[in-house]
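Residue numbers (the working numbering): 92 to 436.
C-beta atoms are modelled at their ideal positions from N, C-alpha and C, and glycine is treated no differently.
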């Protein structure tokens with residue numbers, strides 16, 4: 092649906108009134124953050140949207156204006172594991188859940204959006220189970236839906252972590268989709284759970300997704316030494332950069348192809364002897380133009396020191412700090428190193 096609305100939508104007439112909720116800073120609309128209440132609220136606004144075309148168009152406009160409203164009002168996420176505040180990670184009781192963002196996710200998503208809009212390059216170093224991949228892909232999906240004529244590339248170390256899709260799916264995104272464990276599979280999953288009136292005409296094949304209405308596209312490649320070096324891109328997303336064998340060659344090859352430096356990278360740190368670590372710490376020193384962002388384990392509710400001790404009880408000491416760091420120095424530890432070795436850098 093083309094977006095012809097440029098002012099803040101007026102939804103007060105029908106919009107469900109709720110208390111103790113988050114207020115979108117862009118649209119002023121209120122969204123409950125409790126998952127059960129959020130799900131009920133979503134059902135209500137979808138029912139109203141089916142009955143009222145003007146209300147539906149205003150919802151569409153609100154989503155186009157605010158990625159945070161879009162995700163908290165319409166995006167679902169697939170939760171295979173969940174972090175128990177009373178113990179370690181466990182199998183999720185409910186797998187298909189509304190994506191209700193934490194404050195740290197709001198900050199991360201908005202920082203990604205800011206970097207793409209302003210032409211900055213972002214390096215995110217994160218703890219495990221923080222939803223960082225979903226944050227990146229939500230922002231890309233939002234731009235796929237609502238931004239005109241953009242071209243985005245997503246890279247990961249192996250092809251089968253980018254996309255596993257056989258043939259060209261029929262009735263996309265409501266037919267057979269890619270494995271949601273892949274990057275494209277997560278985008279497929281997000282689109283498949285949106286209302287039909289929000290989904291554009293799409294052309295989807297392996298490693299490619301094109302919005303036929305606004306001409307925005309998302310492509311994927313494995314992280315070989317020359318990946319992404321041939322085309323100009325609005326942004327390039329490098330997933331788990333520390334695991335990429337050819338990361339240094341990749342940076343050299345792709346930086347000239349990104350308009351105004353919109354390179355978005357994230358990873359769990361894997362010691363100091365890789366390109367991600369070198370680039371991150373050079374950014375901290377002001378020696379390059381990347382924007383460094385660290386996401387510690389303890390910014391989520393319930394993740395205190397007692398939780399950390401239970402969760403990492405069976406980890407080697409350095410591995411516990413690397414996987415669930417509270418500081419960026421802890422994140423870059425490896426076997427045989429001590430914090431002093433990292434602090435020296």
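Beta carbon of residue i nearer than 8 Å to that of residue j
i           : j           : result
residue 246 : residue 318 : yes
residue 295 : residue 303 : no
residue 230 : residue 200 : yes
residue 113 : residue 168 : no
residue 416 : residue 383 : no
residue 327 : residue 244 : yes
residue 370 : residue 214 : yes
residue 331 : residue 313 : no
residue 120 : residue 153 : yes
residue 192 : residue 220 : no
residue 158 : residue 204 : yes
residue 390 : residue 195 : yes
residue 216 : residue 406 : no
residue 324 : residue 343 : no
residue 418 : residue 411 : no
residue 288 : residue 147 : yes
residue 297 : residue 228 : no
Extent of the continuous alpha helix (DSSP H) run through residue i
i           : result
residue 255 : Careful: residue 255 lies outside any alpha helix (DSSP H) and carries neither H nor E.
residue 437 : Examination of residue 437 is not possible in this model, given that the chain is present from 92 through 436 alone.
residue 343 : 338-345
residue 406 : No alpha helix (DSSP H) contains residue 406, which DSSP labels as neither H nor E.
residue 112 : Neither: residue 112 is in no alpha helix (DSSP H) and is coded neither H nor E.
residue 158 : 158-165
residue 135 : 126-142
DSSP state of residue i mapped onto helix, strand, coil
i           : result
residue 312 : strand
residue 324 : strand
residue 219 : coil
residue 436 : In this predicted model, residue 436 has a pLDDT of only 46, less than 50, meaning its place in the structure is not dependable; the value taken from the coordinates is given anyway. Note: residue 436 maps to coil in three-state DSSP.
residue 295 : strand
residue 152 : helix
residue 330 : strand
residue 366 : helix
residue 97  : Per-residue confidence for residue 97 stands at a pLDDT of 36, beneath the threshold of 50, marking its modelled position as unreliable; no derived number is given.
residue 422 : helix
residue 307 : coil
residue 431 : Interpretation of residue 431 is limited by its pLDDT of 41, a score under 50 that renders its predicted location unreliable; no figure is taken from the coordinates.
residue 375 : helix
residue 349 : strand
residue 290 : coil
residue 391 : coil
residue 168 : strand
residue 268 : coil
residue 120 : coil
residue 417 : coil
Enclosing beta strand (DSSP E) for residue i [first to last residue]
i           : result
residue 243 : 242-247
residue 383 : 381-386
residue 281 : It is not in any beta strand (DSSP E) - residue 281 instead sits in the alpha helix (DSSP H) that spans 274-283.
residue 189 : 187-189
residue 354 : 354-358
Close-in-space but distant-in-sequence residues of the same chain around residue i (CB under 6 Å, 5 per side omitted)
i           : result
residue 433 : Confidence is the limiting factor: at residue 433 the pLDDT is only 43, short of 50, which leaves the residue's position unreliable, though a coordinate-based value still follows. Excluding positions up to five away in sequence, the list reads 420 and 423.
residue 305 : 239
residue 255 : 269, 270 and 273
residue 299 : 310
residue 161 : 154 and 233
residue 260 : 266, 267 and 295
residue 279 : 264, 268 and 269
residue 308 : 242 and 301
residue 361 : 333
residue 211 : 382
residue 248 : 314, 334 and 335
residue 435 : The pLDDT assigned to residue 435 is 43, lower than 50, so where the model puts this residue is not dependable, and the model offers no usable value.
residue 375 : 383
Proximal residues to residue i (C-beta, below 8 Å), its chain only, five neighbours per side dropped
i           : result
residue 286 : 137, 140 and 165
residue 373 : 379 and 381
residue 110 : Residue placement at residue 110 is poorly supported in this model, since its pLDDT is 49, which falls under 50; the coordinates still yield a value, given next. Counting only Cβ-Cβ distances below 8 Å, and skipping sequence neighbours, we find nothing.
residue 368 : 333, 360, 361, 362 and 423
residue 207 : 230, 234, 325, 326, 353 and 355
Close Cβ partners of residue i (< 7 Å) along its chain, the five nearest in sequence each way excluded
i           : result
residue 290 : 264 and 282
residue 209 : none
residue 188 : 126, 167, 168 and 170
residue 284 : 167
Residue i at chain B interface by Cβ criterion, 8 Å
i           : result
residue 138 : In the structure shown, chain B does not exist; there is a single protein chain.
* **Given 8 Å, three or more beta-carbon pairs between the stretch 259-278 and the stretch 335-345** => Taking a contact to require three or more Cβ pairs closer than 8 Å, the stretch 259-278 and the stretch 335-345 do not qualify as touching.
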